[in-house]
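Counting in my numbering, the sequence shown runs from -3 upward without gaps.
C-beta: ideal position from N, C-alpha, C; glycine also.
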Amino acid sequence: KNLYKMIAISLPVHHNWNDGQLQKLKDINGVAEVVFTTDQQLEIGLHELILDVISQILIVFNEIELNSSILVKKFEINNLSCDGCANSAMRILKNQIGIYFSHVSFLDKSASICYDESLISSSELKNVVAQLGYDLVID
């Protein structure tokens, strides 16, 4: 199966996972594929971007990777004027350490970001997109 035709999320793995734990991820509705890579990453393919599915994945992931501080959050993002702006914001976010997935929507004026809050804070996320002139609204 080809993860590149799906939405893929790569998460760092620090513990050995057994078949039952992997099956918990595979059983989540919306998960298409779960693969371990050679560089200690758990790659999870999704049929489509649904934040609830990513949240369910992270619940299972964080149960096994006990000290994990990875979460997914949807932020409002202002000053986007086109899809190209959204793509630029998405690219700059994906290149940051501690961000495992990002999707920026011009239509919804939102940014969905899966990140490790021990490596990058929401205020740092805000500063990253501010470099491009966009405003990420944080609580």
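By a beta-carbon distance limit of 8 Å, Ile134 does not contact Ser108. Their separation comes to about 14 Å.
Under DSSP, Asn63 takes part in no beta bridge, so it has no partner. Taken through DSSP and simplified to helix, strand or coil, Glu39 comes out as strand.
Rounded to the nearest angstrom, the gap between the Cα atoms of Ile73 and Val56 is 28 Å. Contiguous alpha helix (DSSP H) elements confined to the segment 60 to 132 occur at 79 to 90 and 118 to 126, taking only those with 4 or more residues. With a cutoff of 8 Å on beta-carbon distance, Ile66 and Asp112 are scored as near each other. From the listed residues Thr34, Asp35 and Glu39, the smallest Cα separation to Val27 is found for Glu39.
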